[in-house]
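Peer 1: I am attaching a structure below and will ask some questions about it afterwards.
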Amino acid sequence: MADHREIARRILETFNTGDFDAIEGTIKPDCIMHDPQSSSTDQRGMDVIRSQISLYRGAFPDLAMTVDAQYEDGDVLISRWTATGTHTGDLPMLPATGRRSTVTGIAIDRFEGDQIAESWNNWDTLGMLQQLGAIPAPDTAS
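Pasting the structure below:
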């Protein structure tokens, strides 16, 4: 049995490296992805992950994602992560701003054996958009 924590780390590390070969075989072909920010209508399988990683690596070429903590219970693994990068490439409906952003998020992966069968991803999209200047940040002056 493979180490679920290592599998999840390798997938998150792919956001840094773009090395899709490193994650081959870690995701079931019919794996269901739940990410409210995904533009894909069919959120199943490796193509969705490749598309999402490529999108963010293109928008943030210096993207650095780190795993802050992991928690495992049976076949479910939770990974808490932080990503930083400079927005020098376009995102859908958001041209490059040249601004840096730091975002935190959580991935919850359900495994079947040594492969992820279902994944839920939630991250601070609002915070990222505020840091990039796409949405006004709250006024903190008193």
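Under my numbering, the first residue of the sequence shown is numbered 928, with each subsequent residue one higher. Positions of the beta carbon are idealized from the N, C-alpha and C atoms, including for glycine.
Let's test the definition: count the other Cβ atoms within 10 Å of the Cβ of Y1086 and tell me whether it reaches 16, buried, or not, exposed.
Peer 2: Since the first and last residues shown for the chain are 928 and 1069, residue 1086 lies out of range.
Peer 1: Measuring straight from C-alpha to C-alpha, what distance separates A1044 and D995?
Peer 2: 23 Å
Peer 1: Please report the residue range of the alpha helix (DSSP H) in which R936 lies.
Peer 2: 931-944
Peer 1: What are the residues that DSSP puts in a beta bridge with S1028?
Peer 2: G1012
Peer 1: Touch check for the segment 976-987 and the segment 1029-1037: three-plus C-beta pairs under 8 Å?
Peer 2: Touching, no.
Peer 1: On a CA-only basis, which of F987, I954, D1000 is nearest T944? Give me that one, please.
Peer 2: F987
Peer 1: Would you kindly work out how many angstroms separate the C-alpha atoms of A1064 and L1053, rounded to a whole number?
Peer 2: Roughly 9 Å between the two C-alpha positions.
Peer 1: Mind checking whether F1038 and H931 have CB atoms under 9 Å apart?
Peer 2: yes
Peer 1: For C958 and chain C, any beta-carbon pair shorter than 9 Å?
Peer 2: Within the model displayed, chain C is absent; a lone protein chain is all it includes.
Peer 1: Mind checking which residues open and close the alpha helix (DSSP H) that includes I950?
Peer 2: Per DSSP, I950 belongs to no alpha helix (DSSP H) and is neither H nor E.
Peer 1: Return the Cβ separation of T953 and Q1042 in integer angstroms, given the expectation that the two are a contact with Cβ distance under 8 Å.
Peer 2: 6 Å
Peer 1: Going by the CB atoms, is the gap between T1024 and L1059 shorter than 9 Å?
Peer 2: yes
Peer 1: Of the residues A949, I1005, L1021, R971, which one's Cα is nearest the Cα of M1055?
Peer 2: L1021
Peer 1: Applying the criterion that 16 or more other CB atoms from any shown protein chain within 10 Å of the CB defines a buried residue, is D1000 buried or exposed?
Peer 2: exposed
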